[in-house]
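Chain order of the listed sequences is A and B.
Just so we're aligned, residue 31 is where the first sequence starts under my numbering, counting upward by one.
Just so we're aligned, residue 2 is where the second sequence starts under my numbering, counting upward by one.
Below you'll find the structure, written out as structure tokens, and then a few comments.
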Amino acid sequence: MNPNNYLYVASLLFTIGAVGVVVRRNAIVVFMCVELMLNAANLAFVTFSRINGNLDGQVTAFFTMVVAACEVVVGLAIIVTIYRSRRSASVDDASLLKR
Amino acid sequence: MNTSTSLVYLIALPLAGAAALLLGGRRTDKWGHLLATALSASSFAVGLYQLSAMLGRSTEQRAVTQKLFSWIAVGNFNIDAALLLDQLSICFVLLITGVGTLIHIYSISYMEHDENRRRFFAYLNLFIAAMLLLVLGNSYLNLYVGWEGVGLASYLLIGFWNQKPAYATASKKAFIMNRVGDMGLSFAIMIAFATLGTTTFAGIAEVAPQASKAALTAIGIMLLVAATGKSAQFPLQAWLGDAMAGPTPVSALIHAATMVTAGVYLIVRSHFIFDLAPTAQLLVVIVGAITLLLGALIGTAKDDIKKALAASTMSQIGYMVLGAGLGPAGYAFAIMHLLTHGFFKASMFLGAGSVMHGMNDEVNMRKFGNLRKFMPITFVTFALGYLAIIGVPPFAGFYSKDAIIETAFNAGGVKGVILGSVALLGAAITAFYMSRVMILTFTSKARWDDDAHPHESPALMWIPIAILAVGSVASGFLFTRGHALVNWLTPVVGEHTGEHEELLAPIVVSGLALLAVVIGVAIAVIKYQLAEVENVAPENVSGLTRFVRKDLGQDALNEALFMRPGIVLTEVAEQLDVKVIDGAVCGVANMAIGSGSTLRRTQTGFARSYAAFILIGAVALIAGIWVVTQ
Numbered sequence: 031m032n033p034n035n036y037l038y039v040a041s042l043l044f045t046i047g048a049v050g051v052v053v054r055r056n057a058i059v060v061f062m063c064v065e066l067m068l069n070a071a072n073l074a075f076v077t078f079s080r081i082n083g084n085l086d087g088q089v090t091a092f093f094t095m096v097v098a099a100c101e102v103v104v105g106l107a108i109i110v111t112i113y114r115s116r117r118s119a120s121v122d123d124a125s126l127l128k129r
Numbered sequence: 002m003n004t005s006t007s008l009v010y011l012i013a014l015p016l017a018g019a020a021a022l023l024l025g026g027r028r029t030d031k032w033g034h035l036l037a038t039a040l041s042a043s044s045f046a047v048g049l050y051q052l053s054a055m056l057g058r059s060t061e062q063r064a065v066t067q068k069l070f071s072w073i074a075v076g077n078f079n080i081d082a083a084l085l086l087d088q089l090s091i092c093f094v095l096l097i098t099g100v101g102t103l104i105h106i107y108s109i110s111y112m113e114h115d116e117n118r119r120r121f122f123a124y125l126n127l128f129i130a131a132m133l134l135l136v137l138g139n140s141y142l143n144l145y146v147g148w149e150g151v152g153l154a155s156y157l158l159i160g161f162w163n164q165k166p167a168y169a170t171a172s173k174k175a176f177i178m179n180r181v182g183d184m185g186l187s188f189a190i191m192i193a194f195a196t197l198g199t200t201t202f203a204g205i206a207e208v209a210p211q212a213s214k215a216a217l218t219a220i221g222i223m224l225l226v227a228a229t230g231k232s233a234q235f236p237l238q239a240w241l242g243d244a245m246a247g248p249t250p251v252s253a254l255i256h257a258a259t260m261v262t263a264g265v266y267l268i269v270r271s272h273f274i275f276d277l278a279p280t281a282q283l284l285v286v287i288v289g290a291i292t293l294l295l296g297a298l299i300g301t302a303k304d305d306i307k308k309a310l311a312a313s314t315m316s317q318i319g320y321m322v323l324g325a326g327l328g329p330a331g332y333a334f335a336i337m338h339l340l341t342h343g344f345f346k347a348s349m350f351l352g353a354g355s356v357m358h359g360m361n362d363e364v365n366m367r368k369f370g371n372l373r374k375f376m377p378i379t380f381v382t383f384a385l386g387y388l389a390i391i392g393v394p395p396f397a398g399f400y401s402k403d404a405i406i407e408t409a410f411n412a413g414g415v416k417g418v419i420l421g422s423v424a425l426l427g428a429a430i431t432a433f434y435m436s437r438v439m440i441l442t443f444t445s446k447a448r449w450d451d452d453a454h455p456h457e458s459p460a461l462m463w464i465p466i467a468i469l470a471v472g473s474v475a476s477g478f479l480f481t482r483g484h485a486l487v488n489w490l491t492p493v494v495g496e497h498t499g500e501h502e503e504l505l506a507p508i509v510v511s512g513l514a515l516l517a518v519v520i521g522v523a524i525a526v527i528k529y530q531l532a533e534v535e536n537v538a539p540e541n542v543s544g545l546t547r548f549v550r551k552d553l554g555q556d557a558l559n560e561a562l563f564m565r566p567g568i569v570l571t572e573v574a575e576q577l578d579v580k581v582i583d584g585a586v587c588g589v590a591n592m593a594i595g596s597g598s599t600l601r602r603t604q605t606g607f608a609r610s611y612a613a614f615i616l617i618g619a620v621a622l623i624a625g626i627w628v629v630t631q
């Protein structure tokens, strides 16, 4: 199978994730979209690894997964904390930094 | 050349007095004036000691120097702060400290009721120190320090009563016009250093004969500019009349006897330059001749007794400058007239102060009259000064002024005839306006204000006047006896070697001068003694009189030539500053503010919009890289 197809899927996933981050308000959904973008990047890494015939991209994908797992832990904790204090998971409500 | 270690005390004593009184503040109020007077007197004593030491040495050994410290030492450029006392400077030292001390004594009484008397004496001491430095410096650079110092002291003292805005303005006017002259002196020093490589008098005198004529002429003209500023000569004469805003002792000391004669000192001291630069020398003569007529004419129209005397000072210094411009033949006579003038003019100024003291500080001569009955001592001393200035033998002015008129006639050719006639005409006008002062103040009918109670001044005031009056009687005779002063100064200013081609015999010149004096006095007597004088200046006078009353338009001329263009220049510069320079600076600032407030709107605080920007940026970056690498 032509490896380019995997790249098309990866870029499609990345685009969906990016649009989700920009247009959705719910912090959980935004978070999931970020995960989507990370996984799109992982897919691209693996594909390039396959195309080039070495393992560098696969190793990087593992690193990305580890980092993503850590990020999920921290990010969810923050979202839960914000939800507890404000009764809302909307990212637009958390715009206090402007002031 | 001999060295001495005591020259510095001449300057250090009054300087210490000024420092003590200014730093000591109100604590020294009680005894400050006594300290200042004592220090001035001790400086005079040092001067007398130096004179006796000088007389004890042979003619070649008379000049002494003292190196104080190495002032500027850069590579082979060395300037020492050093003092030089020779036959010329000792005359000045004794005049400055002698007349200065008498005026200190006079001021103790004159300024008694002024709460700032201590400050006044501090400035007087400062002036004495600066003036001594001026005449004792061994180089133009050292002289320059004193030159600026006396300018400062003059400024401070003219504006001593600066609570009156007009007086403060007068002091600024004097200072600014003096700056113009000072600029000439600094240019002269720069040219001298650039072309001759030295600024000491001895050094320049040595190399001047080999120097280029153009350089010497340039130095000479610049020195003349300096002299016109300090000595109130044409065209920088306008400040002297207004300088009379200062207390009368100041007018006597600074603006009659000493500081204003510094220009004459400068020219005589620079004789080695002027002797080799005939063009500059001719300009000196012209300036002197113009000023002696100008000052005399202004003097005829002044009703303010001090301003009349100031105009007379201007005119008399014109005589000195004229004498100094006549070369070796005239230097000694210029100095002689300077010294005798120091006596009689200081005495008359102090006399004027005494009159003002008795007349509630009135200066308008039209409100005086018949004061001879009420102020006999002031009258007699003033009369002696008056006889001296108009040149009646055997008073001092006769000898010194006659010598200058005679030298002018003997200058040779048409020049001699013109200069001699100008000097004679000046003598006649001098006789007229001084008689006018004398008659209006002392002998004509009383025209006092109702509340005037004229009375004689206290002894502390009339004794100094009397001493100066004795000087104005005897000094001329003493200076000319056996050519005493001429012989005394010859080692410094050089001998007059030219042929004595006498246009007119001395006795004829004296006769003409006396005739001029008689004519002047007669006109004054007819106009003011025999006729009624009003106590306000008449209004229906000819245009010429009005022109003379306005000081021959000197202020109008300065205003039109310098002040108004200066104001325009300032306004243009201000507009340039506000519009162009400030405009550029503010423009940059406004641009930063404007772009900042526009960009600030993008800082919404919404995480999603930041994410969108990051996305757009990343896409743009990738697109850019793609475009470049394609």
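Glycine included, every Cβ here is placed at the ideal spot set by N, Cα and C.
- prompt: In the structure shown, what three-state DSSP assignment does Gln88/A receive?
  reply: helix
task: Closer than 9 Å by beta-carbon distance: list the chain B residues that pair up with Ser135/A, in chain order.
output: Past the boundaries of the shown model lies residue 135/A; chain A is included only from 31 to 129, so the question cannot be answered.
task: Check the Cβ-Cβ distances between Arg609/B and every residue of chain A, and say whether any is below 8 Å.
output: yes
message: For Thr38/B, tell me which candidate among Phe563/B, Gly18/B, Val9/B, Ile73/B has the shortest Cα-Cα distance.
response: Gly18/B
query: Tell me, which residues are paired with Val75/B by DSSP?
result: Phe78/B
Among Thr379/B, Val518/B, Gly359/B, the one whose alpha carbon lies nearest that of Pro455/B: Gly359/B
- request: Take Ile318/B as the anchor and find which of Ser596/B, Gln211/B, Val474/B, Val288/B has the nearest alpha-carbon.
  value: Val288/B
task: Determine whether the Cβ of Gly567/B lies closer than 8 Å to any Cβ atom of chain A.
output: no
Identity of the residue in Ser313/B, Thr603/B, Val75/B, Ile91/B nearest Ser44/B by Cα: Ile91/B
field: Where Leu622/B meets chain A, residues with beta-carbon distance less than 8 Å
entry: None at all; the shortest Cβ gap to chain A is about 14 Å.
- prompt: Under 8 Å Cβ-Cβ, which residues of chain B neighbour Val121/A?
  reply: Phe607, Ala608, Arg609
field: Segments assigned alpha helix (DSSP H), at least 4 residues, entirely inside the region 301-341 of chain B
entry: 306-325
query: Given Gln88/A, which residues of its chain have a CB within under 8 Å of its CB, disregarding the five upstream and five downstream residues?
result: Phe75, Val76, Ser79
message: DSSP has Lys68/B in a bridge; who is on the other side?
response: Ala83/B
query: Are Ser110/B and Met462/B touching if we call contact CB-CB under 8 Å?
result: yes
task: Write down the C-beta distance between Val47/B and Tyr107/B rounded to the nearest angstrom, noting that I regard them as a contact closer than 8 Å.
output: That pair is no contact at about 22 Å.
query: Looking at the structure shown, is Asn536/B part of a helix, part of a strand, or coil, going by DSSP?
result: coil
Expected contact under 8 Å - CB spacing of Ser458/B and Ala397/B to nearest Å: Between Ala397/B and Ser458/B the Cβ distance is about 23 Å, and since that is not below 8 Å, they are no contact.
message: Just verifying my parser: in three-state terms, what is the DSSP assignment at Gly185/B?
response: helix
- request: With 7 Å as the C-beta to C-beta threshold (strictly closer), list the residues of the region 46-74 of chain A near chain B in chain order.
  value: Ala48, Val51, Val52
task: Would you kindly work out how many angstroms separate the C-alpha atoms of Leu224/B and Ile299/B, rounded to a whole number?
output: 26 Å
- prompt: Of the choices Arg54/A, Ala40/A, Tyr38/A, whose alpha-carbon is the least far from that of Arg609/B?
  reply: Arg54/A
Per-residue DSSP class, three states only, for Asn179/B: helix
Min CB distance Ala612/B to chain A below 8 Å: yes
field: Neighbouring residues, chain B, relative to Ser115/A (Cβ below 9 Å)
entry: None at all; the shortest Cβ gap to chain B is about 17 Å.
- prompt: At a CB-CB cut-off below 8 Å, which residues of chain B make contact with Ser125/A?
  reply: Thr605, Gly606, Phe607, Ala608
8 Å Cβ cutoff met for Leu134/B and Ile12/B: yes
C-alpha distance - Ala470/B paired with Met112/B, whole-angstrom precision: 21 Å
Spatially closest choice to Arg373/B from Ala447/B, Trp162/B, Tyr266/B, by CA coordinates: Ala447/B
message: Is there a C-beta anywhere in chain A that falls below 8 Å from the one on Leu616/B?
response: yes
query: Sorted by chain position, which residues of the same chain lie with C-beta nearer than 7 Å to Met435/B's C-beta, five sequence neighbours on each side aside?
result: Ser313, Tyr387, Ile390, Ile391
message: Rounded to the nearest angstrom, what separates Ala485/B and Phe478/B at their Cα positions?
response: 10 Å
task: Express the C-alpha separation of Gly343/B and Ala253/B in angstroms, rounding to a whole number.
output: 9 Å
message: Comparing C-alpha positions only, which one of Phe380/B, Gly370/B, Val537/B sits nearest to Ser355/B?
response: Phe380/B
message: So, with DSSP's three-state summary, where would you put Asn411/B?
response: coil
field: Exposure label - Pro15/B; buried when at least 16 CB within 10 Å
entry: buried
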